[in-house]
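Take a look at the structure set out below.
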Amino acid sequence: MYETLDAIAASPIGDYMAANAFAFPAVETVHVVAITTVIGFIAIVDLRLLGLASASYPISRLSRALLPTTWIAFALAVVSGALLFTSQPATYFDNTAFRIKMALILLAGLNMLAFHFLTLRNIEAWDTGGPGPAAARLAGLLSLLIWVVVVACGRWIGFTTSTAFCQPR
Amino acid sequence: MAELIDGLVSWLEGTGLHQTMQTVEWAVPAVQTIHILAIAAVFASSLALSLRVFHLAGSDWSAAQWGARLNGWVVWGLVVLLLSGALMICGEPGRSLNNALFQTKMILLVVALALFFALARGVRALVRPEQPALGSVRLLAGLLILVWLAIIVCGRWIAYT
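So the protein lines, in turn, are chains A and B. Taking the numbering used here, the leading residue of the first sequence gets 7, the next gets one more, and so forth. Taking the numbering used here, the leading residue of the second sequence gets 6, the next gets one more, and so forth.
Next comes the structure, spelled out in structure tokens:
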């Protein structure tokens, strides 16, 4: 595993992300824009699932309205996040906050899949207005909680891996 | 102005809040987490409203309905941003207040506030879902997103200068 990680660090991209003083903050800025868009848009849908906001907007139509932007922003977050990772792969891999963050993103994905394939199956019955069934509300609540902790983990990664990315190797 | 900032910096450095932000290990990342979540509320709400103004998303609701749904999140998000930002300034007053990017960010924030309230006003008249937005309202929506992006750029770069 560490051989792979070292190979990533030694690759032209990894080297550039670690050595260029401009690259890391620039990519980090893109990452912030991407994750705030993802989390903000997902929260609008989550709050709808919970029946706390935009209750007159049918859930299926609201998620259809916001999903394209959310996916574009998520793709941008993954690409920028991967670039940040190449600056010091082994350090991130060993970092507890990083591991928790990755596990939580996976969990958010599973929560979304379960919601999509189990709860949405009979959406016609409740896609009218007001709060959804208990399963939909649970999915919304879980999603909100997971993404808040993902942000916290992301910030903790920055704090626990220090500013070593500017140092020459 | 420089004297005023220096005075403010030395006053802040004597406060208990400064001590707390400096010594409690989790204080800075915790406040930063809140700051980022508030950016999510403000930026994503502005983006969703702007996309609606350009007829790119959410056409089931009128722009006015979207405004009513999202404006509060922008306003309260900004309140949280100001409070969490103030805490970060207490932590490192010299580094932040004297930073040219921080000063630029504050000027841009005033511009963003003006754009947002003008946009919120313009959107209020768009009560029918199919009603196209005036060119001026579209301009406000586009500019608001650009200014938020510039603010985020400044914010991230403050940490590196």
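Quick reminder that beta carbons are idealized off the backbone N, C-alpha and C, glycines included.
List the endpoints of the continuous alpha helix (DSSP H) containing A:Pro137. Premise fails: A:Pro137 is in no alpha helix (DSSP H) and is neither H nor E.
Residues of the segment 13–29 of chain A in Cβ contact with chain B at a cutoff of 7 angstroms, in chain order, please. Along the segment 13–29 of chain A, there is no position whose C-beta sits under 7 angstroms from a C-beta of chain B.
Apart from the five residues on each side of it in sequence, which residues of its chain come closer than 7 angstroms, Cβ to Cβ, to B:Thr166? Cβ neighbours of B:Thr166 within its own chain (closer than 7 angstroms, five residues either side excluded): Asn104, Leu106.
Whole-angstrom distance between A:Ala131 and B:Trp162, CA atom to CA atom: Straight-line Cα distance between these residues: approximately 49 angstroms.
Where A:Glu130 meets chain B, residues with beta-carbon distance less than 8 angstroms: Going along chain B, no residue has its Cβ under 8 angstroms from A:Glu130, so there is no contact; the nearest lies around 17 angstroms.
Alpha-carbon to alpha-carbon, A:Ala96 and B:Ala119: Answer to the nearest angstrom: the Cα atoms are 46 angstroms apart.
C-alpha gap between B:Ala117 and B:Ala155, whole angstroms: Rounded to the nearest whole angstrom, the CA to CA distance from B:Ala117 to B:Ala155 is 10 angstroms.
Check whether the Cβ of B:Ala125 lies closer than 7 angstroms to any heavy atom of the ligand SAH, and answer yes or no. Looking at this structure, you won't find the ligand SAH or any other ligand, since it has none at all.
Measure from the C-beta of B:Tyr81 to each C-beta in chain A and report whether the shortest distance is under 8 angstroms. Residue identity differs from the one stated: residue 81 of chain B is Trp in this sequence, not Tyr. Taking 8 angstroms as the threshold, the shortest C-beta distance from B:Trp81 to chain A does not fall below it.
Under the three-state reduction of DSSP, which class applies to B:Glu97: helix, strand or coil? Looking at B:Glu97 - three-state DSSP - the assignment turns out to be coil, as it is neither helix nor strand.
Between B:Pro34 and chain A, is there a C-beta pair that is closer than 8 angstroms? Contact of B:Pro34 with chain A is assigned, a C-beta pair being separated by under 8 angstroms.
Using a 10 Å radius around the Cβ and a threshold of 16 neighbouring Cβ atoms, would you call A:Arg127 buried or exposed? Exposed, because fewer than 16 other Cβ atoms sit within 10 Å of the Cβ of A:Arg127.
Beta-carbon within less than 7 angstroms of A:Ser62's beta-carbon, same chain only, minus the 5 sequence neighbours each way: which residues are those? Excluding five sequence positions before and after A:Ser62, the CB atoms of its chain that fall closer than 7 angstroms to its own CB belong to Gly135, given in chain order.
Extract the residue ranges of the alpha helix (DSSP H) inside the segment 78–109 of chain A, only unbroken runs of 4 or more that lie entirely within it. Runs of the alpha helix (DSSP H) inside the segment 78–109 of chain A: 95–100.
Helix, strand or coil at A:Ser60 [DSSP, three-state]: DSSP places A:Ser60 in coil when its eight states are reduced to three.
Buried or exposed: which applies to B:Gln24, given that a residue is buried once 16 or more other Cβ atoms fall within 10 Å of its Cβ? A residue is called buried when at least 16 other Cβ atoms come within 10 angstroms of its Cβ; B:Gln24 does not meet this threshold and is exposed.
Is B:Ile112 closer than 8 angstroms to B:Ser101 when the C-beta atoms are compared? No, the pair does not count as a contact, with Cβ atoms beyond the cut-off.
Spatial distance of A:Leu53 from B:Glu8 (CA atoms): When rounded, the distance between both Cα atoms is 47 angstroms.
Expressed to the nearest angstrom, what Euclidean distance is found between the alpha-carbon atoms of A:Arg111 and A:Val157? Sequence inspection shows Ile at residue 111 of chain A; the Arg mentioned does not correspond to that position. Approximately 10 angstroms, taken between the alpha carbons.
Nearest-angstrom beta carbon gap, A:Ala114 and A:Trp162 [assumed within contact, 8 angstroms]: So it is not a contact: roughly 17 angstroms between Cβ atoms.
Please classify A:Asp12: does DSSP put it in a helix, a strand, or coil? Of the three classes helix, strand and coil, the one that applies to A:Asp12 here is helix, per DSSP.
Whole-angstrom Cβ separation of B:Ser67 and B:Val132, contact assumed at under 8 angstroms? Correct: roughly 5 angstroms between the Cβ atoms.
B:Glu18 in three-state terms, based on DSSP: In this structure, DSSP gives B:Glu18 a helical state, which the three-state scheme calls helix.
C-beta atoms of B:Ser50 and B:Leu149 nearer than 8 angstroms: Contact: no.
Out of B:Leu114, B:His60, B:Ile39, which one is the CA nearest neighbour of B:Leu88? Answer by Cα proximity: B:Ile39.
Could you say which of A:Thr42, A:Gly57, A:Tyr8, A:Asp21 lies nearest to A:Leu144 if we only look at CA atoms? Out of A:Thr42, A:Gly57, A:Tyr8, A:Asp21, A:Gly57 has the C-alpha closest to the C-alpha of A:Leu144.
Own chain, CB closer than 8 angstroms to A:Ile6, minus 5 neighbours either side, in chain order: With chain A covering only 7 through 175, there is no way to say anything about residue 6 of chain A.
Using 8 angstroms for Cβ pairs, my map puts A:Thr92 next to A:Thr43. What's the rounded Cβ distance? In fact, because the Cβ distance is near 23 angstroms, the residues do not count as touching under 8 angstroms.
A:Ala79, buried or exposed, once every other Cβ within 10 Å from all chains shown has been counted against 16: Taking a 10 Å sphere around the C-beta of A:Ala79, we find 16 or more other C-beta atoms and assign the residue as buried.
Contact check, B:Val36 vs B:Leu83 under 8 angstroms by CB: the rounded distance? Taking a contact as a CB-CB distance under 8 angstroms, the pair B:Val36 and B:Leu83 does not count as one, their CB atoms being some 16 angstroms apart.
Establish whether the CB of A:Val156 and some CB of chain B are separated by less than 8 angstroms. Not one beta carbon of chain B lies nearer than 8 angstroms to the beta carbon of A:Val156.
Cβ-based neighbour list, B:Asn76, same chain, cut-off 7 angstroms, excluding 5 preceding and 5 following: If we look at B:Asn76 and ignore the five residues flanking it on each side, its Cβ neighbours are Ala125.
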